[in-house]
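Protein chains in written order, with this note's numbering: chain F, -1 to 325; chain V, -1 to 325.
Structural data, given as structure tokens:
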């Protein structure tokens, strides 16, 4: 499909693209470039590419597809290095979680004849780094492209086919529309998850260890999201501020109303909301974006991978099975 | 271990207890009683017990262990029915998510010689009803008991052994301490999840369908919690108001600070928080309360149960794999 694909940055997303491209034989050559030499060596040890270099300009030379896979805060520095080295006719894309900012920061460095088509695969896990990637990451997931109106339709089709070959469904939309949609589907949920986990990490040590013990009651779901890559997420909030603050404002208005319902004991209002929210999850499962298995299909007891018995988190007198000797 | 165990209510938790008791042969007889005859018939069809009756007083007669497994809002009504029918020496427990209220509402109906030991297994899924239960639900999970200081230690030990036999680790604590701890580990996370899913369900239809499509970017995690049983959760917020409002207050203070960091673009503050929160998840995994598998071990692409391709949620021009014919 391509002669040479260059991946700039090789974390969870970049390394997943590399693996999928190899598996599906979508390029003759994969070039990988990173800022840090340790990361490059990790990618080399994993056998993710064919060319490894710390020189981004060298990496993009002759490439017909170049994908930025770094946190968006690094894009300007990357563009300064590669802007003059991109081959005419090359497609230049990325995988960043914000798109308006990306378009603004990349465009000044893109020469005539290079096709800038920003992208955002809606896929990931809470793990990061080259070893966290896997070839199936994009299967059944959406990938959003945000080409400008003036973009070459042939280049857009090529990139669409590329993501299709990785297993994704592709949709084109305006960059600002993307940023507002992702603010509510992704950025505000991350902000809230980071916040509540932060609230817990501020608790006194003994309370905190109880929160960890009893986290299966709901809290632990939030910690997965709040374990996502800190630099990437810092950059998201630095570059999609307005949309995030708008959606956070709506969330806070609704939370004030719910807080009041709790305070005055308005049972019917709560029950109405809690019933309505179930329907949203059903829609997500029907849309193929979520597993219908209970608890995300997490292993439970002996039916899955047995969850180890806690041994190291026992700040209180604990009555063990059949015992009671400490109580 | 017991002659006759009576389960009052047979939803996710009650039916999981019934299955585990049968599997491990912990009682000669399991009696099941429900308010609605449909639920009772469902339990009978599933073969969860030995005695099925709509008469709660009849169900508890001669039982040496009685466990309330209904939403806590129903406890007073249940106690009015069973208070006079409990056998002397019986252990009376429950599985409710709040404990101060439960102690207060149950105690007046408990005759001398009956051992009231409220309990709370920290286990569950977002599914509800008799068919949602499974025997392994409690394995490796904590169960909190909140006996009063005057409680008979032998009875507490018996109930501790019972939960141990179901696979749980048991801890005793004060009811009010339980309620404050669970407010932050469970009740506030649920409130926040319900709230953000509610915010989404208030969006215009076209935006909402986009949120559903792109939910894999974070939002869908919240929907699992927000799909939990509405009546149960209404009752939690009606009966643990003060602790919930206290912890929600802390969450909101922290969120104001984070909102300001986003507004002023304070990258270092965000990065510091987002790094700190990762450690909490690691602690939960180390404590055996969470799987270390990425994405909760959700199926991804072809490596797990294939996630179906979305077909019914395409309000926009969608470029399919290799195509582009609609765009």
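Backbone N, C-alpha and C define an ideal beta-carbon position, used for all residues, glycine too.
Small disclaimer: the values here were computed from a predicted structure and weren't measured.
Compare the C-beta of residue i against all C-beta atoms of chain F and say whether one is closer than 8 Å.
{"i": "residue 123 (chain V)", "result": "yes"}
{"i": "residue 129 (chain V)", "result": "no"}
{"i": "residue 77 (chain V)", "result": "no"}
{"i": "residue 113 (chain V)", "result": "no"}
{"i": "residue 300 (chain V)", "result": "Because residue 300 (chain V) sits at a pLDDT of 46, beneath the cut-off of 50, its placement in the model cannot be relied upon, and the point is left open."}
{"i": "residue 273 (chain V)", "result": "yes"}
{"i": "residue 225 (chain V)", "result": "yes"}
{"i": "residue 297 (chain V)", "result": "yes"}
{"i": "residue 148 (chain V)", "result": "no"}
{"i": "residue 86 (chain V)", "result": "no"}
With 8 Å set as the bound, which would you pick, yes or no: does the beta-carbon of residue i sit closer than that to a beta-carbon of chain V?
{"i": "residue 314 (chain F)", "result": "The pLDDT assigned to residue 314 (chain F) is 29, lower than 50, so where the model puts this residue is not dependable; a value taken from the coordinates is nonetheless given after this. Yes, contact with chain V."}
{"i": "residue 179 (chain F)", "result": "yes"}
{"i": "residue 17 (chain F)", "result": "no"}
{"i": "residue -1 (chain F)", "result": "no"}
{"i": "residue 50 (chain F)", "result": "no"}
{"i": "residue 174 (chain F)", "result": "no"}
{"i": "residue 23 (chain F)", "result": "no"}
{"i": "residue 13 (chain F)", "result": "no"}
{"i": "residue 60 (chain F)", "result": "no"}
{"i": "residue 285 (chain F)", "result": "yes"}
{"i": "residue 268 (chain F)", "result": "yes"}
{"i": "residue 182 (chain F)", "result": "yes"}
{"i": "residue 53 (chain F)", "result": "no"}
Following the continuous alpha helix (DSSP H) through residue i, name the residue where it begins and the one where it ends.
{"i": "residue 155 (chain F)", "result": "151 to 163"}
{"i": "residue 236 (chain F)", "result": "228 to 237"}
{"i": "residue 176 (chain V)", "result": "173 to 180"}
{"i": "residue 192 (chain V)", "result": "186 to 199"}
{"i": "residue 51 (chain V)", "result": "That residue, residue 51 (chain V), is in no alpha helix (DSSP H); its beta strand (DSSP E) goes 49 to 51."}
{"i": "residue 35 (chain F)", "result": "35 to 44"}
{"i": "residue 101 (chain V)", "result": "98 to 104"}
{"i": "residue 271 (chain F)", "result": "265 to 284"}
{"i": "residue 219 (chain F)", "result": "217 to 223"}
{"i": "residue 288 (chain F)", "result": "Element bounds for residue 288 (chain F): n/a, residue is neither H nor E."}
{"i": "residue 75 (chain F)", "result": "73 to 80"}
{"i": "residue 58 (chain V)", "result": "54 to 58"}
Under the assumption that residue i contacts residue j (Cβ atoms under 8 Å), give the Cβ distance between them as a whole number of angstroms.
{"i": "residue 3 (chain V)", "j": "residue 282 (chain F)", "result": "Actually they are not in contact, since the Cβ atoms of residue 3 (chain V) and residue 282 (chain F) sit about 38 Å apart, beyond 8 Å."}
{"i": "residue 92 (chain V)", "j": "residue 0 (chain V)", "result": "Actually they are not in contact, since the Cβ atoms of residue 92 (chain V) and residue 0 (chain V) sit about 16 Å apart, beyond 8 Å."}
{"i": "residue 168 (chain F)", "j": "residue 143 (chain F)", "result": "6 Å"}
{"i": "residue 103 (chain F)", "j": "residue 88 (chain F)", "result": "Wrong, their Cβ atoms sit about 18 Å apart, outside the cutoff."}
{"i": "residue 183 (chain F)", "j": "residue 207 (chain V)", "result": "In fact, because the Cβ distance is near 11 Å, the residues do not count as touching under 8 Å."}
{"i": "residue 27 (chain V)", "j": "residue 52 (chain V)", "result": "Not a contact, Cβ separation roughly 18 Å."}
{"i": "residue 6 (chain V)", "j": "residue 66 (chain V)", "result": "5 Å"}
{"i": "residue 128 (chain F)", "j": "residue 9 (chain F)", "result": "7 Å"}
{"i": "residue 107 (chain F)", "j": "residue 78 (chain F)", "result": "7 Å"}
{"i": "residue 55 (chain V)", "j": "residue 80 (chain V)", "result": "6 Å"}
{"i": "residue 157 (chain F)", "j": "residue 216 (chain F)", "result": "With a Cβ gap of about 40 Å, residue 157 (chain F) and residue 216 (chain F) do not count as contacting."}
{"i": "residue 152 (chain V)", "j": "residue 246 (chain V)", "result": "Actually they do not touch by this definition, with Cβ atoms about 40 Å apart."}
Check for me: the beta strand (DSSP E) holding residue i runs from which residue to which?
{"i": "residue 15 (chain F)", "result": "That residue, residue 15 (chain F), is in no beta strand (DSSP E); its alpha helix (DSSP H) goes 10 to 22."}
{"i": "residue 117 (chain F)", "result": "117 to 119"}
{"i": "residue 144 (chain V)", "result": "Segment: none, residue 144 (chain V) is in no beta strand (DSSP E) and carries neither H nor E."}
{"i": "residue 169 (chain V)", "result": "167 to 170"}
{"i": "residue 31 (chain F)", "result": "25 to 31"}
{"i": "residue 2 (chain F)", "result": "0 to 6"}
{"i": "residue 204 (chain V)", "result": "That residue, residue 204 (chain V), is in no beta strand (DSSP E); its alpha helix (DSSP H) goes 203 to 211."}
{"i": "residue 66 (chain V)", "result": "63 to 66"}
{"i": "residue 92 (chain V)", "result": "89 to 92"}
Cβ-heavy atom distance between residue i and the ligand NAP below 7 Å?
{"i": "residue 78 (chain F)", "result": "Ligands displayed in this structure: none; no statement on the ligand NAP is therefore possible."}
Are there three or more Cβ pairs, one per stretch, closer than 8 Å when the region 236 to 255 of chain F is compared with the region 170 to 185 of chain F?
yes
Along the region 198 to 218 of chain F, what residues have a CB closer than 9 Å to any CB found in chain V?
198, 199, 200, 201, 205, 206, 207, 208, 209, 210, 211, 212, 213, 214, 215, 216, 217, 218
Should the region 192 to 209 of chain F be called in touch with the region 245 to 263 of chain F, which here means at least 3 C-beta pairs below 8 Å?
no
For the region 90 to 106 of chain V, which residues have a beta carbon sitting closer than 9 Å to at least one beta carbon of chain F?
95
Counting Cβ pairs, one atom from each stretch, are 3 or more of them under 8 Å apart for the region 92 to 102 of chain F and the region 68 to 79 of chain F?
yes
Examine the Cβ distances between the region 120 to 138 of chain F and the region 283 to 294 of chain V and report whether three or more of them are shorter than 8 Å.
yes
At least 3 beta-carbon pairs within less than 8 Å: the region 270 to 287 of chain V vs the region 213 to 228 of chain F:
yes
The region 153 to 167 of chain V in contact with the region 46 to 60 of chain V per 3-pair CB rule at 8 Å
no
Would you call the region 225 to 234 of chain F and the region 131 to 139 of chain V in contact, with 3 or more CB pairs under 8 Å?
no
Can you find at least 3 beta carbon pairs, one from the region 185 to 196 of chain V and one from the region 261 to 274 of chain F, that sit closer than 8 Å?
yes
Taking only beta carbons into account, state which residues of the region 228 to 247 of chain F come closer than 7 Å to chain V, listed in chain order.
228, 229, 231, 232, 235, 236, 239, 242, 243, 246
Under 7 Å (Cβ pairs) to chain V, residues found in the region 22 to 44 of chain F
none
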